[in-house]
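Everything on this sheet refers to the single structure shown next.
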Amino acid sequence: MTNADLEKIVDTSDEWIASRTGIRERRVANGMVTSDMAVIAATSALEMADTDRDEIEMLILATVTPDYRLPSAACVVQEKMELNNAGAFDVVAACTGFINALSIASSFIENGNIKKALVIGVEKLSTFTNYKDRNTCVLFGDGAGAVVVSAEEGDRGIINSFIKSDGRYRKLLWSEVGGAANPYSESFDFNGNDKIMMNGSDIFKIAVKEMSNATLKVIEDAGLTVDDIAIVVPHQANIRIIEALAKRIKISMDKVFLNIAKYGNTSAASVPLALDEANREGRIKDGDYVVMVAFGGGLIWGATLVKW
Ligand code: COA
């Protein structure tokens, strides 16, 4: 769905969207559900990592758009992929979900509980986007990304992670209807409050500050400096947030990966999509220090430092 497509639906323009957000297109997964996208990404990740499905002992899936309220999307993916040796569960942490899921997988591996985990970030936000609200519908898209995390000798891997949230900001990015507080009722006029609602300008300021702090924390906790980092792979929410982050932590934009123009904000899928494209484009070399950083509804934010 291009910005021109959106111009036909709401009162907006390519110029407004591109200049305020950096987004030119976003994907809409017509004819498939969240678990279908997850299976495509996860199958590809298993192939890239030369991993057999029976080796996967844990499947962690980050999403706020599962196929069903019950069971988890992870269990649906487990069935579809026949990952019969895994324990599968979802992580609900909005756009930071992939960072949370990765850090859980890493902890289980470091503790010696498991040897291999499959971590998926996936969203079908189009089911949840209010295409009558120009403040939000221009931002979001669908997508999926996945990684295999394995136990390995040596100093490569996930070095540390940081996760923080502040529930006092929960009404900056939220959806009011559909949970236990306000269950769906067919006679009720939802007026869009069953979709994504947002206070964009407040989120913007908090995102820049907290993503910067989280990035610096994982770097400093590892005894490194920003100069040691080969690439930052940030959550792709708004190019201006990413540029402000780079300025604040004093890293050149050449070292910050961007693909927001093609996908918009895909929530939990955003970081793994960007990581995969950075890798395929040869932007990450063996031994590089990579920081992934995200923020999202909660509000929640976090970062992970990896030695590739
Ligand atoms: N097209 C045209 N005009 C739009 C618009 C659109 N798609 N969306 C909003 N506007 C209008 C608003 O109605 C408002 O008009 P008003 O001033 O008459 O009330 C005006 O544009 C706001 O403009 P501005 O203040 O320049 O917007 P901004 O610079 O704050 O950018 C966001 C708006 C939403 C792009 C920005 O705040 C943002 O990205 N915030 C973070 C949101 C986010 O990342 N959420 C997900 C978190 S994971």
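Sequential numbering of the sequence shown, starting at 25, is according to this note's numbering.
Where a beta carbon is used, it is the ideal one built from N, C-alpha and C, also for glycine.
For residue i, which residues of its own chain have a beta-carbon under 7 Å away from its beta-carbon, when the five flanking residues on both sides are left out?
| i | result |
| --- | --- |
| D310 | W332 |
| V377 | Since the first residue shown for the chain is 25 and the last is 332, residue 377 is missing from the structure and cannot be characterised. |
| N109 | D78, I80, E81 |
| F132 | M82, I138, A141 |
| V250 | I243, I273, K274, I275 |
Under 8 Å Cβ to Cβ from residue i, same chain only, skipping five residues before and after it: list those, please.
| i | result |
| --- | --- |
| L196 | M222, N223, D226, I227, I230, G321, L323 |
Between residue i and ligand 1, is the CB less than 7 Å from at least one heavy atom?
| i | result |
| --- | --- |
| I265 | yes |
| M221 | no |
| V162 | yes |
| N159 | yes |
| L94 | no |
| E152 | In the sequence as displayed, the identity of residue 152 is Phe instead of Glu. No; taking the cut-off as 7 Å, the Cβ of F152 has no heavy atom of ligand 1 nearer than that. |
| A28 | no |
| I123 | no |
| W40 | yes |
| N217 | no |
| R194 | no |
| T87 | no |
Note down, in chain order, each residue of its chain lying with its Cβ closer than 6 Å to the Cβ of residue i, except the 5 sequence neighbours on either side.
| i | result |
| --- | --- |
| D245 | N184 |
| F122 | A86, G145, A292, V295, P296 |
| L30 | T36, V162 |
| A69 | A170, V171, V172 |
| S174 | K140 |
Would you mind working out which of the options sits nearest residue i, comparing C-alpha positions?
| i | options | result |
| --- | --- | --- |
| R194 | F164, D312, A117, F186 | A117 |
| I41 | D312, I284, R307, A254 | I284 |
| M14 | N27, A97, S43 | The chain is shown only over 25 to 332; residue 14 falls outside these bounds and no answer can be derived. |
| N27 | Y155, V280, K241 | Y155 |
| C119 | H259, S59, D38, E134 | H259 |
To which residues does DSSP link residue i through a beta bridge?
| i | result |
| --- | --- |
| V314 | I255, V330 |
| F164 | N289 |
Contact check, residue i vs residue j under 8 Å by CB: the rounded distance?
| i | j | result |
| --- | --- | --- |
| V315 | A327 | 6 Å |
| S236 | L269 | 5 Å |
| V257 | D166 | V257 to D166, Cβ: 19 Å. No contact. |
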